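Asks: In the UniProt record's numbering, the protein residues as written are 1 to 285. The structure under discussion is supplied below as structure tokens; questions concerning it will follow.
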Ligand code: SAM
């Protein structure tokens, strides 16, 4: 069935294949940006689909899980998240979630590829609805160059919503990058980064990523896991790292009584997503 012309299929490095049935409209847009191949599809059950270099990035149907988990656990783990930076995140869904927090006073987004944002504005306008928030700034450059020039101590929360650690995204998993992140964060600073699949990337990506974060100066790392159908294996994660001290649920009371709508995140999900299966507890310590 997956060879039928009206299917999008992604073959991943985990030896798995993911497919979405396409409508008659099928592929709605395709371009080679200066950095990656960008495509948009219309699917029968998941709405619109954005891919970069053939990898699923965003679907209308399940992006809320990913964007809420990339924003809310880290923001409620910080005592006073005012100054936020997103590196990557070009589809703008994470930015929208960040700006739901009234404590946030500034949110700058640094994506290497402006075309991702412009195409997202066309096909995922609901993800871009906060782009004109007066607190938001959109900038387009390499995240590692931006972080290396960032004012030390100038950020409270840094969100790395990058592509996989290949291609332009690879540098965003390096010790040099994490050192730049550590330097740019203030005293209670927290970094969160999407950390791939616990099922097939634990040993080769997640564990080395946590170790590299600690080598770069971070004092603690915490994995939050969640299901995400449209990513390889359907089991995904993000990692929160603390500049100093421990990663803690600092504003649990506020998370218990959310002042804005969510569809996935709540205080129970915050805590539950950090409860790790035995193999991950043993691997990550
Ligand atoms: N949700 C996706 C996922 O988990 O794979 C990622 C969302 S977003 C589309 C990923 C973004 O990272 C892309 O827009 C891409 O342009 C951006 N990106 C990749 N490498 C980058 C770099 N070195 N600096 C800044 N942005 C980068």
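Where is the CB? At the ideal position from N, CA and C, for every residue including glycine. In this text the structure is predicted, and so the values were computed from the model without any measurement.
Whose C-alpha, out of 62, 219, 261 and 75, is nearest the C-alpha of residue 235?
Replies: 62
Asks: For residue 121 and residue 10, what's the separation of their Cα atoms in angstroms?
Replies: 24 Å
Asks: Thinking C-beta only, is residue 242 closer than 7 Å to residue 276?
Replies: no
Asks: Determine the closest residue to residue 29 out of 224, 115 and 137, with distance taken between C-alpha atoms.
Replies: For residue 29, the nearest C-alpha among the options comes from 115.
Asks: Are there three or more Cβ pairs, one per stretch, closer than 8 Å when the segment 84 to 97 is compared with the segment 130 to 142?
Replies: yes
Asks: Got a sec, what are the start and stop residues for the beta strand (DSSP E) residue 58 sits in?
Replies: 55 to 59
Asks: Out of 224, 164, 21 and 138, which has the shortest C-alpha to C-alpha gap to residue 12?
Replies: 164
Asks: Any heavy atom of the ligand SAM closer than 6 Å to the Cβ of residue 60?
Replies: no
Asks: So does residue 163 have its beta carbon nearer than 6 Å to some heavy atom of the ligand SAM?
Replies: yes
Asks: Would you kindly work out how many angstroms separate the C-alpha atoms of residue 211 and residue 170, rounded to a whole number?
Replies: 16 Å
Asks: Along the chain, where does the beta strand (DSSP E) containing residue 224 start, and where does it finish?
Replies: 220 to 227
Asks: With residue 187 as the anchor, note down where its alpha helix (DSSP H) starts and where it stops.
Replies: Run containing residue 187: none in the alpha helix (DSSP H); it sits in the beta strand (DSSP E), 185 to 194.
Asks: Quick one: residues in its chain with C-beta nearer than 6 Å to the C-beta of residue 18, no 5 flanking neighbours on either side, listed in chain order?
Replies: The residues are 10.
Asks: Out of 251, 201 and 162, which has the shortest C-alpha to C-alpha gap to residue 111?
Replies: For the residues 251, 201 and 162, the minimum Cα distance to residue 111 belongs to 162.
Asks: The ligand SAM and residue 69: does the residue's C-beta get closer than 6 Å to at least one heavy atom of that ligand?
Replies: no
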